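Report on the following structure.
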Amino acid sequence: MNHTAFMLRLARPLSALLLLLPMTVGGCGFKPLYGEQDGQTNISAEMKEIYVNNIPERLGQQLRLALQESMSQDGPEDPHKYRLQVYPQVSAEAIDIHNDNTTGRQRLVGRAHWALFSVEATPRLLAQGDTTTMDGYTSTYEQYFALTLNSETAYGRVAQTLASQITQQVAAWLRTGSNPLTQQPQGPKTYYPIPTAIPNSNNETPMDVGGDDAIPAMATGRSSGTNDSAP
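Residue numbers (UniProt numbering): 1 to 231.
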């Protein structure tokens, strides 16, 4: 048996398996989010009915454009039924601290809270949710243009990722009618003693609170870190 004949015999069962795969997936209850099904909402058409409110600042503009693009998809948007309000924010954290107190990398943590309202005389809150993403870029202080370009590109990626996640959450609500999981309250904070700090008047050692990743600000140089007293 030559090599070609062997490969053809091997491909036959694989082809049969691929033909059976859609039936198997459908049998397990999987349903495509944007697929049209009898008696169910046409998600693609509903997404085009969403008007994205203006979002201030550069990040907000990028996020709004990305949302409009992802929701209108292959056709023009025609919003008349829903209004989407988004509240984004990005925090920058300096990592890879050098001996001269400069940093070799900036980490961006992007968050956004969204709320979907009906378009009527008295708008109703229909759904809301939260989304988070993380990105970063290399700091090149000797090349200012490259540093600026890296920063703008990273912020653009954050906006694109947030828009993609918000679009998925809104589409899931349109399909199921269930709110996505909103941001849960943070658990107990982690505190670290600051070894070089002087105890306060109550003889308490000043503490550095950890971030969302439980890493103290003094270890990363993040700009959002704050000192706190012992819990």
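Glycine residues also receive a C-beta, built at the ideal position from the N, C-alpha and C atoms. These numbers come from a predicted model, not from an experiment.
- Judged by pairs of C-beta atoms under 8 angstroms, the stretch 154–167 touches the stretch 61–70, as three or more such pairs exist.
- With respect to P79, I50 sits close: the two C-beta atoms are nearer than 8 angstroms.
- Collapsing the DSSP output to three states places T153 in a helix.
- Beta-bridge annotation (DSSP): A115 is paired with Q85 and Q128.
- Remark: fewer than three beta-carbon pairs, one from each stretch, lie closer than 8 angstroms, so the stretch 144–154 and the stretch 123–132 are not flagged as touching.
- Contact annotation: R105 and G156 have beta-carbon atoms that are not nearer than 8 angstroms.
- Taking 8 angstroms as the upper bound for CB-CB distance, L84 and L59 are not in contact here, some 16 angstroms apart.
- Here Y82 is buried. Its C-beta has 16 or more other C-beta atoms within 10 Å.
- I43: member of the alpha helix (DSSP H) spanning I43 to M47, first to last residue.
- DSSP places Q106 in the strand class (E or B) of the three-state scheme.
- Secondary structure at G177: coil, using DSSP grouped into helix, strand and coil.
- Under the three-state reduction of DSSP output, E93 falls in the strand class.
- Here I50 carries a strand assignment [DSSP, helix/strand/coil].
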